[in-house]
Each structure stands twice: as C-alpha cells, then as structure tokens.
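**Student:** Let me begin by handing over the structure; questions about it come next.
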Amino acid sequence: ALGSAPVIETQVAARLLARLDREGAGGAALGAALTGEGLVTIALTPARDGRALLVPAGAVATDLVAMAGDDLVLARVGDDRVVPTNSGSMPLADVAIAGEDVLATGAAARAAFEAAVDDWLVLTANALVGIAARSVEIGVEYAGQREAFGQKIGAFQGIAHRLADSATAVDASRLLARKAAWAHQADPTAFPAL
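Per this note's numbering, the sequence shown runs over residues 6 to 199.
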C-alpha cells in the first residue's frame with residue numbers, strides 16, 4: 006500500500022537536479038529537498054503562457070522544474086498557484102513560472118526533460134501496478150467472504166472470470182512496467198518506448 010505522498014515526482018525532480026546543477030540554484034533546491042526543508046517537483050508538460058499546468062505535487066511544493074520555451078528552469082512556487090478540484094484529492098496545481106533560474110537550454114534541456122518524464126512514467130507505471138494488484142487482492146478477499154444464494158460470490162462465473170481477467174491484466178502490466186525499469190540501465194535505447 007502506498008502513502009499519499011508526492012514521492013515519485015520529488016524523486017524525479019531531485020534526480021534531474023542532481024544531474025544538471027549541483028552548484029547553483031538547482032543545488033540549493035536539491036539540498037533543501039534532501040534535508041526535508043523543501044519539496045521540489047517537476048511539471049510533466051512544458052509551461053504555456055507563463056504557467057505550468059496540473060503539476061504533480063504543485064500544491065505542496067516549494068520549487069518546480071519545468072520546460073519554459075527552450076529552457077529547462079527551476080522556479081520558486083509562490084502563493085499564486087491554483088489548485089483545481091479533483092476527485093482523487095491529488096495535490097495538483099497550476100503554477101506560475103516567474104523569477105526562474107535556467108538549468109539547461111536548447112537540445113540539452115529537451116533531452117534532460119524527456120529523460121525525467123520517462124523516469125516519472127516508469128515509476129508511476131510500477132506504482133499503479135502495485136495499486137492494481139492490491140485492488141485485485143481486496144476483490145478476491147471480498148468474493149471469498151460475501152455470500153449470495155447460499156454460496157460465496159466468488160463461485161459465480163460472472164465474478165470469478167472478471168477477477169481472473171483482472172489478475173491477468175495486472176500480471177501483464179507488472180511484466181511491462183518491470184521490463185521498462187530494467188531497460189533503463191540494461192537497454193537504454195528501448196527504455197523510452199517501453
């Protein structure tokens with residue numbers, strides 16, 4: 006089971022900062038994140054009109070790494086963030102990009118940003134596999150306890166087959182997500198596609 010904390014996006018942002026800027030503002034933001042004094046996150050899509058939209062952990066972050074034009078920037082998250090209502094109660098926010106420090110520019114910025122988004126995707130895929138696997142376990146437990154018409158509902162084909170299909174889908178997803186994680190080091194050319 007996962008705690009509802011912005012673990013993935015902060016790991017991805019911190020790793021990106023560690024690769025790009027250990028001496029300047031990026032190093033300071035990384036140090037604050039590592040000591041727990043700050044929380045750095047990443048915008049998964051380039052900023053538009055000076056705003057990064059639906060930033061994971063944007064509602065609770067102190068710093069943000071985002072693409073702004075051709076630059077990869079580090080910006081302070083201010084009080085002008087807009088937290089949209091969402092049914093998952095995720096700490097998403099639209100964040101203004103202002104007063105930023107440029108971490109990289111041009112092709113190097115795009116490559117670093119794309120690598121970070123790929124990291125986020127593989128970590129999120131594996132987290133979702135864990136959530137799905139636990140969901141199937143809960144469903145199986147319930148079907149083994151609940152009774153209808155004098156027998157456990159798990160004995161009904163309509164339920165048993167759906168649970169089996171769900172377990173198969175989770176296993177397939179787990180294999181793909183783990184293969185993507187494995188490819189990160191073992192087969193970097195296949196990693197983005199996976």
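We treat Cβ as the ideally placed atom computed from N, Cα and C, and that holds for glycine.
How long is the line joining the alpha carbons of Ala188 and Leu180, rounded to whole angstroms?
**Tutor:** Approximately 12 Å, taken between the alpha carbons.
**Student:** If I measure Cβ to Cβ from Pro51 and keep anything under 6 Å in the same chain, skipping five residues before and after, which residues do I get?
**Tutor:** Once the five neighbours on either side are set aside, the close Cβ partners of Pro51 are Met72.
**Student:** Just grab the DSSP bridge partners of Lys157 for me.
**Tutor:** Beta-bridge pairing links Lys157 to Glu152.
**Student:** For Val134, which three-state DSSP category applies?
**Tutor:** Of the three classes helix, strand and coil, the one that applies to Val134 here is helix, per DSSP.
**Student:** Could you tell me whether the Cβ atoms of Asp68 and Ala34 are closer together than 7 Å?
**Tutor:** Cβ atoms of Asp68 and Ala34: closer than 7 Å.
**Student:** Below 7 Å between beta carbons: does that hold for Ile4 and Arg151?
**Tutor:** As displayed, the chain neither begins before 6 nor continues past 199, which places residue 4 out of reach and without an answer.
**Student:** Within the chosen definition, does the segment 127 to 145 reach the segment 78 to 95 through at least 3 CB pairs nearer than 8 Å?
**Tutor:** No, because fewer than three Cβ pairs between the segment 127 to 145 and the segment 78 to 95 fall closer than 8 Å, the two stretches do not touch.
**Student:** To the nearest angstrom, report how far apart Asp106 and Leu79 are at their CA atoms.
**Tutor:** When rounded, the distance between both Cα atoms is 5 Å.
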